[in-house]
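In our numbering, the protein residues as written are 51 to 461.
Using N, Cα and C, we set each Cβ at its ideal position, and we do this for glycine too.
Computed from a predicted structure; not experimentally measured.
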Ligand code: AMP
Ligand code: MG
């Protein structure tokens, strides 16, 4: 497959074009430096997965709260083994053994049960032979084996989760384990979405054959919601300065503004002009990537905005690689990442150097192999639905033989 027809590079630039990583760093640094902590709300655990934590969480007790057995077997004194021991009782998870394990004694113990006083090791039931109240253990035991000491996972009052973490299911488990049924999280940023273009009609409308339905606002809304924002769809901005300004002014009421289209060099691409008229500061307006070269990032009236190129693939990709980072930071998230693992190409691939390319691809079920998806350019939505990833071709490398490792951005 061959990609990379010459893209028009003759547009007037307000800022020098940046490489992919320069542009991403610029977004992250600019937003990180300027953002303020979002408002906080308290919610129940059942709705907290995926939300961003707005408080530090401390363990309310040691974890485990007592030394616990991690096997079914016998609680013993390691020094007594090998040997035959007298079984003086049994202890299950959820109860405590009242007595003490003395010399030559053992207590039958279940996984999760507290280790009785006097015992310093657990021997697995598989290595024991029981006859009435006697148990024979032929092997020796290391002191502490199969025992999780009190507090080995976390100590009481220790901070176990930090504010700014996006809560995953393990975090939810830990909040539950430490008795937090309610938790403080940041309010999700409102993200205004404005599609632009005289050719664009709303989804419910029947388009003339020269018109296009507004798919970008919908894909962006889905991406925003997945990234932890609340999408707010505004009406399509017509390609006039007046109407585009009216929509942008409304959009700047949100925490973040996303525009699609109207940022190329065409006569009717008025987005930058309108933003400039509103006194916007531009951090970049072109990035050496494809799809998505004409890409505007700036701030107006204290709000960050992205002017994403209008071709559907460009809109989707530039949101994922740039706007999502801004949104996550505005959402209060501390750690942000763009995971691009390596996968092996199932066929050779080449492109024209100069741009970092993000091209629709199919990642195998195990994630190990990647195949480019045939497509007809940035407007090919059907091809994008067949892709489950983008393969990421480096700007300075043209040839990728079959079997070569290449970076992949899962979709
Ligand atoms: P533009 O960047 O405004 O020149 O738009 C480039 C192309 O992207 C247009 O010709 C349309 O084909 C397509 N496009 C722009 N906006 C949308 C939209 N909201 N939904 C779907 N396609 C769009
Ligand atoms: Mg347009």
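Considering only the alpha carbon of each residue, which of the options lies closest to residue i?
i	options	result
residue 175	296, 140, 281	140
residue 179	211, 156, 201, 161	156
residue 311	450, 248, 422, 401	248
residue 328	228, 317, 298	298
residue 393	415, 434, 404	415
residue 120	173, 411, 134, 461	173
residue 349	335, 342, 66, 296	335
residue 289	319, 263, 267, 279	319
residue 80	186, 347, 138	347
residue 158	138, 395, 232	138
residue 413	390, 210, 264, 143	390
residue 286	185, 195, 70, 262	262
residue 78	110, 161, 383	383
residue 122	133, 110, 103, 142	142
residue 187	133, 68, 341	133
residue 165	395, 199, 185	199
Buried or exposed, going by whether 16 or more other CB atoms sit within 10 Å of the CB of residue i?
i	result
residue 56	Reliability fails at residue 56, whose pLDDT of 37 lies under 50, so the model's placement of it is uncertain and no value is given.
residue 314	buried
residue 91	exposed
residue 450	buried
residue 453	exposed
residue 217	buried
residue 260	exposed
residue 365	buried
residue 447	exposed
residue 370	buried
residue 118	buried
residue 182	exposed
residue 343	buried
residue 125	buried
residue 101	buried
residue 145	exposed
residue 360	buried
residue 279	buried
residue 253	exposed
residue 75	exposed
residue 291	exposed
residue 191	buried
residue 193	exposed
residue 401	buried
residue 458	buried
residue 221	buried
residue 70	buried
residue 66	exposed
Please confirm whether residue i and residue j have their CB atoms less than 8 Å apart.
i	j	result
residue 345	residue 325	no
residue 428	residue 363	yes
residue 430	residue 406	no
residue 381	residue 236	yes
residue 283	residue 355	no
residue 234	residue 105	yes
residue 302	residue 404	no
residue 154	residue 135	yes
residue 171	residue 128	yes
residue 411	residue 437	yes
residue 243	residue 270	yes
residue 419	residue 425	no
residue 321	residue 274	no
residue 99	residue 219	yes
residue 294	residue 246	yes
residue 377	residue 85	no
residue 108	residue 209	yes
residue 228	residue 110	yes
residue 399	residue 422	yes
residue 231	residue 103	no
Pull up the DSSP beta-bridge partners for residue i, would you.
i	result
residue 407	340, 443
residue 351	Note: residue 351 sits in no beta bridge, so no partner.
residue 191	DSSP lists no partner for residue 191.
residue 234	92
residue 174	123
residue 179	186
residue 459	440
residue 167	150
residue 198	118
residue 332	348
residue 356	308, 347
residue 156	137
Tell me whether residue i counts as near the ligand PLP, meaning its Cβ is closer than 7 Å to at least one heavy atom of that ligand.
i	result
residue 246	The ligand content of the structure shown is limited to the ligand AMP and the ligand MG, which means the ligand PLP is not among them.
Does the pairing of the segment 134-151 with the segment 75-95 give three or more beta-carbon distances under 8 Å?
no
Is the segment 107-120 touching the segment 191-205 in the sense that three or more CB pairs, one from each, lie closer than 8 Å?
yes
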